Structures are given as structure tokens and as C-alpha cells.
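Have a look at the structure below before the remarks.
Residue numbers (the working numbering): 154 to 452.
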């Protein structure tokens, strides 16, 4: 457990420019995707009239009151609670209420029975930023390192749990090629009904022509998800990240579903960008102006 803790939460890592930039980019991505989803949902919510499937906090409060202008008010609050701590590096505890309001916005938007999970890891990252200030008040370095490791942990847990859920629901026959045929056919109908045209690409056609190729594609996917927890260990993280990104591109090429947010987050947290940045900036002499800008942009 100590080794795992050290791999996830590197509180004692050198306070280098590379570490600062990677952690701040992680924070920037979290804020950007939070606001992007928040406003996308806020603009959609006025179309809703009834709660079909209550989720999370919607099981305890009537979220129908947010079907009007309150969703926009909520979006404004989330925007303020995210931008103030990010831009001014003050009042970082505001990430905690931002997370709670983000969850509320999610359950309001997806109260109709269909629940995507594209924003799940954004929510976990925002939760990590909110919890970090509770544990490490006024210590931005440790709070960002905690939120970063917190997100890495739930990425690994999420992918491995997804693989186990498939095996529990379907058994070891889940990767059978016939299942991919069925899913590709269903997805083609969805796209055809939406756009009026659809053609299978070369990989989809190969999967339809050869059962073993379809089976290999699904086998690679469930194997990659199953070992997702290995992302917790820093030496293995880049390799597991590459497999997970490859899996997402495979899902896109076979199912026409691309997890853009997941992929960007994986790119940010899954590779040792801090080491690369340190090497690139190690030989650069900095003026006082550059140092002032760096201090403002970073921490």
C-alpha cells in the first residue's frame, strides 16, 4: 500500500517546472471540460419537462425546478467557482461546491433514462480538486498532486471495473465476434436514422468478414480494460495509457463512438510530460520577466 500511495501521490517530488506545468495543465483540462459540459447541459435542459429516471441527488430532491432558468444560474455559479481558484489561485475550496453543482447539473440533464459516462472522469477530477483543499489547505503543490493521483486511481479502477462488469454480466463469451457484429449493426442503424447515410469502414468490414478478427478486437478491448488498474504504478503508466488510447480509437473505428474527453485526460495524466519539459527547459536561462510570468501561470 505504501508503494501504491507513493506512485499515485508524489508529494515529495521535486518542485520542478515540468511538474508545475503538467499539474496546471491537468487542472486546466478539468476546468475546461467541466465548463464545456456544464453549459452544454444548461442549454439543453429547458427542453425537458418530466423526470423519467432520477439519478444521484435527484432521488432526494425534485430537480424539475431546474428545467427552466435555474440550470443557467447553476452554470454561472459553476463557472465562477471554477475560474476563481484556477485564475487567481485563491479560494481553492470553491472547487468542492463546483463539484456538487456539477453533479446536480448532470442529474438534471440526464433525468430522461439514457446516461452517458463521457463526463465521469471529469467529475472525479473535479472532486479531487475539491477534496484536495480540505486535506492540503493553502498548499497548491500538494493539493494538485493529490487531485492528479486521485484521478489516476479512479481511471484505473473505472476501466478494471468495466471489464469485470462485462464478465459478470455475460461471462467469458463476452469477446465473441458475434457480439461485435450485433453492436456494429445497431450503431449503423442509429447513425443511418440520424444522418440518412452510413457506410462501414475497412475495419468494420474485416470484422464482419472474419469472425476471428471481430473476436480479437473485443478480446483486446476487455484485456486492456482489465489491466487498467496497472496505471496506478508510475513505471507502467505510459504503456497502459497507450493501450487504453489504442482501445478508444478501436471503439471509434468499430462502433463510431469516440471518448474524446477520456482520451485527452489520458494523454495529460498518463505520460511523464514533466520529465520531458524539464529536459527541454533545463538549458534555457530565464529573465526576471519570464520568471514573473511563470510564477503567475504556475504556482
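Every residue, glycine too, gets a C-beta built ideally from N, C-alpha and C. Nothing here was measured: the structure is a model prediction, and the numbers come from that model.
{"Check": "Boundaries (first-last residue) of the alpha helix (DSSP H) holding residue 241", "Outcome": "223-241"}
{"Check": "Residue from 238, 261 and 248 whose Cα sits closest to the Cα of residue 212", "Outcome": "261"}
{"Check": "Residues of its chain near residue 239, where Cβ-Cβ distance is below 8 Å and the 5 sequence neighbours each way are ignored", "Outcome": "180, 181 and 184"}
{"Check": "Backbone secondary structure at residue 327 - three-state DSSP", "Outcome": "coil"}
{"Check": "Residue 251, DSSP secondary structure in three states", "Outcome": "helix"}
{"Check": "Local Cβ density within 10 Å of residue 173, reported as buried at 16 or more and exposed below that", "Outcome": "buried"}
{"Check": "Touch test, the segment 370-377 against the segment 316-329, Cβ-Cβ under 8 Å, three pairs minimum", "Outcome": "yes"}
{"Check": "4-residue-minimum alpha helix (DSSP H) runs that sit fully inside the segment 313-367, ordered along the chain", "Outcome": "330-348 and 355-362"}
{"Check": "Assigned secondary structure, residue 386 (DSSP; H/G/I helix, E/B strand, else coil)", "Outcome": "coil"}
{"Check": "Cα-Cα separation between residue 171 and residue 389, rounded to whole angstroms", "Outcome": "20 Å"}
{"Check": "The segment 198-209 / the segment 330-341 touching (three or more Cβ pairs under 8 Å)", "Outcome": "no"}
{"Check": "Short Cβ contact (9 Å threshold) for residue 265 with residue 228", "Outcome": "no"}
{"Check": "Rounded C-alpha distance that separates residue 203 from residue 275", "Outcome": "26 Å"}
{"Check": "Of the residues 255, 394, 158 and 393, the one placed nearest residue 283, counting alpha carbons only", "Outcome": "255"}
{"Check": "Residue from 421, 356 and 434 with nearest C-alpha to residue 175", "Outcome": "421"}
{"Check": "Between the CA atoms of residue 368 and residue 342 - distance to the nearest angstrom", "Outcome": "22 Å"}
{"Check": "Three-state secondary structure assigned by DSSP to residue 375", "Outcome": "helix"}
{"Check": "Contacts around residue 310, its chain only, beta-carbon distance under 7 Å, and the 5 residues preceding and following it disregarded", "Outcome": "382"}
{"Check": "Spatially closest choice to residue 270 from 190, 397 and 324, by CA coordinates", "Outcome": "190"}
{"Check": "Whether residue 370 touches residue 360 by CB criterion (9 Å)", "Outcome": "yes"}
{"Check": "Contacts around residue 208, its chain only, beta-carbon distance under 6 Å, and the 5 residues preceding and following it disregarded", "Outcome": "260"}
{"Check": "Same chain, Cβ closer than 7 Å to residue 161, neighbours up to 5 away in sequence not counted", "Outcome": "302, 305, 306 and 385"}
{"Check": "Straight-line Cα distance separating residue 391 from residue 364", "Outcome": "31 Å"}
{"Check": "Of the residues 168, 435 and 216, the one placed nearest residue 298, counting alpha carbons only", "Outcome": "168"}
{"Check": "Per-residue DSSP class, three states only, for residue 189", "Outcome": "helix"}
{"Check": "Extent of the continuous alpha helix (DSSP H) run through residue 277", "Outcome": "273-288"}
{"Check": "Neighbour-count burial assignment, residue 268, 16 or more Cβ in a 10 Å radius", "Outcome": "exposed"}
{"Check": "Contacts around residue 246, its chain only, beta-carbon distance under 6 Å, and the 5 residues preceding and following it disregarded", "Outcome": "286"}
{"Check": "Range of the contiguous alpha helix (DSSP H) that encloses residue 160", "Outcome": "155-161"}
{"Check": "Residue 391 in three-state terms, based on DSSP", "Outcome": "helix"}
{"Check": "Cutoff 6 Å; reference residue 177; Cβ partners in own chain excluding five residues on either side", "Outcome": "451"}
{"Check": "Coarse secondary structure for residue 458, derived from DSSP in three states", "Outcome": "Only positions 154 to 452 of the chain appear in the structure, and residue 458 is not among them; the question remains open."}
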